[in-house]
Structures are given as structure tokens and as C-alpha cells.
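Number of protein chains: 2
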Amino acid sequence: MAEKGSIIELLALVNLERDHDLAEKLEEMAVQDIAEAMSQAELPDRTKILRSLPEERRTDTFSYLSHGQQREIIGELSPAESRRILHELVPDDRTGFLESLDPEDLEGYLKLLGPDDLKQSLKLLGYPDESVGRLMTTHFVSVRPNWTVARALDHIRHEAHRGETINFVFVTDERGKLLDAIRLKDFILARQDARVEKLMDDDVISIQAAADREEAVQTIQHYDINTLPVTDRNGMMLGIVTVDDIMDVAEQEFTEDFHKLGGTGSLTISVREASPGFLYRKRIGWLMILVVVNLVSGLAIALFEDAIEAVIALVFFLPLIIASSGNAGSQSATLMVRALATGDVEASDWFKLWGKELSVALLLGVTMGIAVSLVGIWRGGPELGMELAMVVGLAMLAVVVMGAMLGMLLPFILQRLNMDPATASTPLITSVADVLGILIYFSIASAILTLPSPVT
Amino acid sequence: MAEKGSIIELLALVNLERDHDLAEKLEEMAVQDIAEAMSQAELPDRTKILRSLPEERRTDTFSYLSHGQQREIIGELSPAESRRILHELVPDDRTGFLESLDPEDLEGYLKLLGPDDLKQSLKLLGYPDESVGRLMTTHFVSVRPNWTVARALDHIRHEAHRGETINFVFVTDERGKLLDAIRLKDFILARQDARVEKLMDDDVISIQAAADREEAVQTIQHYDINTLPVTDRNGMMLGIVTVDDIMDVAEQEFTEDFHKLGGTGSLTISVREASPGFLYRKRIGWLMILVVVNLVSGLAIALFEDAIEAVIALVFFLPLIIASSGNAGSQSATLMVRALATGDVEASDWFKLWGKELSVALLLGVTMGIAVSLVGIWRGGPELGMELAMVVGLAMLAVVVMGAMLGMLLPFILQRLNMDPATASTPLITSVADVLGILIYFSIASAILTLPSPVT
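Line order of the protein sequences matches chains A and B. Numbered according to this note's numbering, the first sequence terminates at residue 469, and the numbering increases by one at each position without gaps. Numbered according to this note's numbering, the second sequence terminates at residue 469, and the numbering increases by one at each position without gaps.
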């Protein structure tokens, strides 16, 4: 948790222009909290805070701002100030910032980079979107297998400023091929005159730079490691991905799935920062698709207009019947989408799960069918009660089972088609279930109540 | 990613009873992959794999199984085997296993523990559910401020087997009060004869054992650290929480939110392992609540039965109008629930966001209203076209705005009432929006089409 007290105090010092106290406060606060405070301030104050920071803390603080805020603030800085920050950013943070820029702005910032930084940035930006390469840092420390532990530790000490993290020491051969990853702990525990190769178990977990970043999340979670080495296709070590980057990715991917489930396009920027126009464009697409689906519901109802005119009491149950199929469907879609995303179930499990979901749906349908039958008896009165109870009870059972099957199968089918199962959003399931629910309900009603047949 | 090839090979070796090859394979595979293979095998094979493992890898492998599988497999083991595993588990994994047991089984397993383990387990189980105390391990290494770096490193070497992780070295005073956390890296870089206190910056981020585990997730994410020290109310150090536990918690909490959004109770066990009866009990509650809400929709319709009989074409648009308000509501609820969960927005932002959501909703409503008006002109034909277009267009605008406001405000209100905003599930929003949508639609229709007034 950010320290709220400190943040409020910092903002007060900026407003009161107590520059001396501000400088002192900025010395002692955690950079993450300073960034948090900056994100709550207006742009001029934000720039002032950055400039009041000790030089060696500026870049670090900058790296904890959102990309949107980074773009705003860097636009306010002089080219010299921007150049310094861009140079000092660790490579993965620099890639993150650069890839968030519009193409026309990107060029201007690339010109500020020195030749080495430029070469490296262009290389990292060359990896596909959402790949491990975009996420990795090229700052890491490696040692050779024939060194002694003492020499390796000396080397690590010397190079420590380069390593973003040194919980793991990477062993590579002369050409840079990754041979092993050894915990720093094991180096400290080992005899100082032992060879590095004595510590090696030749069992190294790594990932390729071109792999999807989701795979990095799963690998780090599966093996409970803090640092994952990244290689090219030939096993040459290129960089590392660390667990803090992975947690950010995991959170973004969660958010994407969550938004898809709720039927909004996935937002890559924060709701707080997004403009109304942006939110409108993200949301209108799905809503209009659903309008079309729901017009089909209207057509389904139109088929039975005569039946409705004959027994107007049928309309009373209409919202209940169609909503229940949608609700049962949302439930099973939610369970399946999440289980597929976490790897709890796989596409090949569908048949087993289908059997289980069918039995759950039957239990749910029978319970809800009985409940709604009782309402049917009351609503239908002495003359129509029993028949209406039978219609709505059977319809409820049928639509709940139908909705649950739809909600369960659609994510699997999407997965099979190599689409994201989360596209089976609850509004989509609900709307499709509506159409089918209406047809089922009125068909059962027509059969039992001997109503006028559908308009053709 | 688990190594699928290895897992399949291992399962084949078990089936073929090639015990020698099996033992060799079990020496070289990662324990996480062995656990993955066990989770795919039947119980007798699972037990066989565990027993074929080298003794020193058994507990480690066991700790990567799900709690359900741990319970099953430990039921198959002799008391001596169980005792050994329980003794060797690190404290947080042991707490996790013990808290997953039924109360009647718990006692039996507690009896298997030695006095020290028992005392510690009872203490950890004494922390509230979902607190940091349940998550922490008590294995950590601490040093004193007046020691030299050389002495501290000696101590760390000596105690290294006790530390689950030693990326950080904790400095405590004689009574155990936490003073600082220093990166192991800094120890290695420092002069060997310097005092530990020279490395201290007296700025330590820690958390209390009684705090909610969500707070630990946020702290570790905010400060990008791998290990978080846990203290009691007086600052005495009790244990540590590591980032791998935090990632598991973050995933569980997200799954909970996801399930709530979809209107299933939150499942703490895997969908694959859950029995149909369990799934039924988890899901029927919400569905029955929604049945009641939807019966209110029926009553709302019943008010307007005469209007419907007079203009049966109104029913054609009914599913579209009510679904659209639910869909718009689901979208905004989804955005808000997630933004509140990630801390992107806070309860105090509601007024600003309300203004923004209102403008987005007006844009969405106008677009959808125009679209549905065109359908109204077609559907109403020459005599009723213009009037019907006006009714459905206005109704669409009104229900979309209403749905969006409902979806936006409900999560905020729940948060204010200290309830989980994710309780504002999409099925709930949809069902409530249905009732209000019906009332709005027929009220507008009654006013414009001069229909019979509501039945009273």
C-alpha cells in the first residue's frame, strides 16, 4: 500500500512552494510513492516535482509513472533533460515508453538516444507486440563455467550496477550460449576456490524472445522463479524477464479477460485517463452487434404474436424465462472461460465437463422449474393454473439447460478455433440465449395450450 | 510452461511399470513438472510416483499439488510417511494444507506433528482467514546492526537452509524488532569489515500479520519487491511473504472477482475437481434471487397488459429494449469493478467518473436510439411508423443511460458500504435493468401512443 500520509504531505509542500522542505521530503520518500503523488498532481506540479528530485532519483521515479503521464511530462522537459532520462531508463522500461508513442513522435525521441541505446531500442522494438522480447531487459550478469567462485563473485561485484537483479547468476559459454542459472545463494554458500561448473546442474529453464508474454507468465508461475532468462532460437542469451514485469503483465491480461467477459472492448489504458470519445468507440461496437441479435428475439416474438394475444398472461413470464436462460449461460461461460485461462481445464476435457455441466444444469433447471410452476398456478387462476404451471415449469427447465450448454460450449468452440474463449462474453451469451429461450417458451406454450400456430 | 513431453513420458513409464527408468526420470525432472504429471494421473499411480521419488524430493513435489490432491494422497500414506511430509513442508505450505482440511480431519493431522511444528502451526492457523499471517513463512534469516558484513555473511551461510529466500537480509535488534531489509546484493558489494548498520537506510517496507492478504499483493506490486517482511503490531518480525505466494493470491482473488461478475458464487476449488452437487449449491442461490427480480419484471409488464393488447407491436421491441439497458449496464459495471479492484479509480472519484460515464452513455444511447428508430419506422408501417419510431428511439436512449448509470453507481455504492464491488454482477445488473427498462419503455409508449393507462 502506498503511504497516503506522505503523498498528501508532498502535494501540500508543492502547493505551499516550500521548496526546501520539498527537497528534503523527496530525499526520503520511496520513488514509487513519489510517482503515485505525481500522478495525482496537475501537470505543472508534476514537472516541478520531477525537477526538484535529486538527479539520481529522477529516472527511477519517472519509470513508475503510467505511459500517458510519461508522455505528458517528457513533452515539458528540455531535450537535454529528456535525453538523460531516456539514456538512464533500463532497457525494458525504455521499450515500454517508446512503444506507447505515436509513430510520428517516436522518431523525435529516437533521435535523442545515443548510438548504443538506439541500436538496442530498435532491436527490442523489433520483437512482435506482446512478445517476451518487448518485456525483457538486456542488463544481466553472466559468468563462465571454468571460473572459480571467487572470480565469479568478483565479476558480479564489478558488474552489479548493470544487473537489474542478481538473485540468479547466469552461466554462458564464450559465445554467449546459456548453460545454466544458479541462485546467488548457492554462490555464497560454495567454497570460494571451487569451479563454477561444480555448481551447475545443467537444468535451466528459459524462454525464447519471440514467445508470447503469456507464456512467460505461466513459466514463472509454474516454476516459482523470480528471474527468467531469455534466449534466441539457438539458445544464445539475450536478456532476462523479472517477476515484477510479469505481475504487471498478468494484471493486464486479467483486465483484458475481465473486460471481454463484460462485453466492453479490452482497454489498454486506464478508465480514469480514457476520454469519453475513446470509451464510446470501444463500447458501441459490441452494443450494436447485440442490438442485431436482440432484433432476432423480436422477430421470434413476432412469430407468436397471435399466441400472445390469445393468452396475454404468457407475457408475464417472458422476462423471467429469457433472463433465466441468460443467467444460467453467463454462469457456465464464466466458469469455463476462467478455467480455460488458468489452465485448470483444457480443450480436450470438454466431453467430461459437458456431462458434468449437463447434470448441474438439470438440477438447476428442475429447482427453478418447480419454483416458477408455483407462480404459474397462482397467475393462471382456477381455469388456466395447471396448464400454465406446466408450460412455465417445462420452459424453465428447457431454457436453463439450453443456456448452460450454450455458455459451456461456446468458450470451448472458440478455443478450438484458436480464438480467445473470453470473447464468449456474458452479454453475447445472454442475447443468444434470449432468442432461443423465446422460441422454446412459445413452442412449449403452443403445444400445451393449443394456441394459434406461428404466423408464417 | 510445463514440459508436456516429459510429463507424458513419465506417465507412460508408470503405466508400463518400468520402475528403473521411472526412478531415473524422477531424478532429473523439475518437481513442478512431476506434480503436474501426478495431477493428471489416477490416485494409485499418483501415490506410486510419490513413493518412487527420492526421499529429499517428496515433500517439495507434494507442495506443488493442489490441496484436494494433497488430501487424497496423504490419506493413502502411512502415518510415518505423512508425519515426515508434514514436518518437512515449509510453514506457509503446511498452513495452506491444514486450513484446507475439514475440522474433524484437522485434529488427526495435528497429532502427527512434533511439538515445535504443532505450536507454530496453531499460531499461524490463529490468524484470520485471508490474512497475511496465513500466507507467511516463519523461515527467515536476520542479522544484527553491530555485526560486520563478514560475520553477517557467515551467519547467512550457516542459516541458509532455513531461509525460503535470501534475496533480502533482515536486520533486527536483540528483541527481534525489524529495523531494515537490505538486498543480499548490497552485502556482497560491501567491504567485508564494514558494520551492517553502515548499509542500513532505516527505510523498511513491511506489513502486519493481521492485515488482509490483498494488501500484501498491492504492497509488493507497488514497491516491486520480491520479499515482504511481516511484523506484529509492535514491529517485531514474525516472518516473510514472498512474491510467488503473492502471485497465487492475486490469481485467486482475480478468479473470485471474475466468478462474482458472472454471477456464480466464488469457487475456491477447481472446476475440474468440483462435484456437480457442489457446483449446484454454489450456483442455485444467485439464480433463485434473480428469479425473484425477474418476477418483478413480469409484474411490471402485467401493469401494461392492456397497452400491449392494444399495440401488440410493442412486444416486438421488448427484448431489444430491456437487453440493451442490461448490456450497457454490464459494460459500465465491468469497467468500474475492475478499475476499483486495481486501484485505478477510488471511491472518491465517483463524481468525476459519473460525469464522464453520463456523456459516454448519452453518446451510446443516441446512436442506438437512432438505429432502433429506423427499425420502428419499418415495423410500424405507414400508420404507426413515426410514432413507434419515436417511442422506441426515446426508450432506447433512456434505458441505455439508465443502465449505464446503474452499472456505474452500484459498484461504488457497494464499495462505500464496505461490500465487494464485484457483487454487482452482470446478471444482477441485467435483471434490475430489465425491471426499470420495462417501466420506462411502456411509460414512454403510453404517453406517446395514448394507450390505456396501467392496470391498477
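Using N, Cα and C, we set each Cβ at its ideal position, and we do this for glycine too. Since this is a predicted model, take the numbers as computed values, not measurements.
(request) Please determine, among 421/A, 75/A and 89/A, the residue with the shortest C-alpha to C-alpha distance to residue 109/A. (result) 75/A
(request) Tell whether a beta-carbon distance below 8 Å holds between residue 382/A and residue 401/A. (result) It is not a contact, given that the beta carbons lie outside the stated cut-off.
(request) Could you tell me which chain B residues have their CB closer than 9 Å to the CB of residue 318/A, listed as they occur along the chain? (result) 325, 326, 328 and 329
(request) Give a yes or no on whether the minimum CB-CB distance between residue 427/B and chain A is below 8 Å. (result) Answer no: the Cβ-Cβ gap between residue 427/B and chain A never drops below 8 Å.
(request) For the region 182 to 212 of chain A, list the beta strand (DSSP E) runs that are entirely contained and at least 3 residues long, ordered along the chain. (result) With a minimum length of 3 residues, the continuous beta strand (DSSP E) runs that stay inside the region 182 to 212 of chain A are 191 to 196.
(request) Determine contact between the region 436 to 455 of chain A and the region 355 to 363 of chain A, defined as no fewer than three beta-carbon pairs at a distance below 8 Å. (result) no
(request) Verify the CB distance criterion: does residue 226/B have a CB-CB separation below 8 Å to chain A? (result) no
(message) Less than 6 Å between C-beta atoms, sequence neighbours within five positions excluded: which residues of the same chain meet that for residue 87/A?
(response) 95
(message) Is there a C-beta anywhere in chain E that falls below 8 Å from the one on residue 74/A?
(response) Going by chain labels, chain E is absent from the structure shown, which instead holds the protein chains A and B.
(message) Using DSSP's beta-bridge definition, name the partner residues of residue 241/B.
(response) 254/B
(request) Measure the Cβ-Cβ separation of residue 119/A and residue 111/A and say whether it is below 8 Å. (result) yes
(request) Answer yes or no: do residue 310/A and residue 451/A have a C-beta to C-beta separation smaller than 8 Å? (result) With contacts defined as CB atoms closer than 8 Å, residue 310/A and residue 451/A qualify as a contacting pair.
(message) Excluding the 5 residues flanking residue 263/A on each side, which residues of the same chain have their C-beta closer than 6 Å to its C-beta?
(response) 230
(message) Short of 7 Å Cβ to Cβ, which residues in the region 228 to 244 of chain A face chain B?
(response) Residues passing the 7 Å Cβ filter: 228, 231, 232, 234, 235, 236, 237 and 239.
(request) Have a look at residue 391/A and residue 353/A and give me their C-alpha separation to the nearest angstrom. (result) 43 Å
(request) Report the residue from 182/A, 206/A, 168/A and 188/A whose alpha carbon sits nearest the alpha carbon of residue 217/A. (result) When each option's Cα is compared against that of residue 217/A, the closest is 182/A.
(message) I'd like to check one pair, residue 233/B with residue 212/B: are the Cβ atoms closer than 8 Å?
(response) no
(request) For residue 72/A, write down the residues that DSSP places opposite it in a beta bridge. (result) For residue 72/A, which the question treats as bridged, DSSP gives no partner whatsoever.
(message) Any contact between the region 15 to 28 of chain B and the region 36 to 55 of chain B? By contact I mean 3 or more CB pairs, one from each, below 8 Å.
(response) yes
(message) Within 8 Å of any Cβ in chain B, is that where the Cβ of residue 17/A sits?
(response) No, residue 17/A does not count as interfacial toward chain B.
(request) Sort 143/B, 346/B and 191/B by Cα distance to residue 419/B and report the nearest one. (result) 346/B
(request) Measuring only between beta-carbons, confirm whether residue 451/A sits less than 8 Å from chain B. (result) yes
(request) Specify the secondary structure class of residue 220/A as computed by DSSP and reduced to three states. (result) strand
(request) Please classify residue 324/B: does DSSP put it in a helix, a strand, or coil? (result) Assignment of residue 324/B by DSSP, reduced to helix, strand and coil, places it in the coil class.
(request) With 8 Å as the threshold, decide whether the Cβ of residue 168/B is near any Cβ in chain A. (result) no
(message) Can you pull the chain B neighbours of residue 150/A, defined as C-beta to C-beta under 8 Å?
(response) By Cβ distance, chain B contributes nothing, its closest Cβ being about 13 Å from residue 150/A, past 8 Å.
(request) Name the one or two DSSP bridge partners that residue 249/A has. (result) For residue 249/A, which the question treats as bridged, DSSP gives the partners 190/A.
(request) State the CB to CB distance for the pair residue 102/A and residue 72/A, rounded to an integer number of angstroms; the pair is presumed to be in contact (CB under 8 Å). (result) 6 Å
(request) Just confirm the distance between the C-beta atoms of residue 442/B and residue 343/B, as a whole number of angstroms; I'd bet it's less than 8 Å. (result) With 8 Å as the limit, residue 442/B and residue 343/B qualify as a contact, their Cβ atoms being about 6 Å apart.
(request) Measure the CB-CB distance between residue 148/A and residue 105/A and report whether it falls below 8 Å. (result) yes
(request) Take residue 220/B as the anchor and find which of 240/B, 43/B and 208/B has the nearest alpha-carbon. (result) Closest in alpha carbon position to residue 220/B, among 240/B, 43/B and 208/B, is 240/B.
(request) Measure the C-alpha to C-alpha separation of residue 368/A and residue 57/B and round it to an integer number of angstroms. (result) 24 Å
(request) Enumerate in chain order the residues of its own chain whose CB-to-CB distance from residue 265/A is below 7 Å, with the five nearest sequence positions on each side excluded. (result) none
(message) For chain A, check one thing: does any of its Cβ atoms lie closer than 8 Å to the Cβ of residue 267/B?
(response) yes
(message) So if I threshold CB-CB distances at 7 Å, which residues from the region 390 to 417 of chain A count as touching chain B?
(response) none
(request) Output, in chain order, the set of chain B residues within a Cβ distance shorter than 9 Å of residue 381/A. (result) 297, 300, 301 and 304
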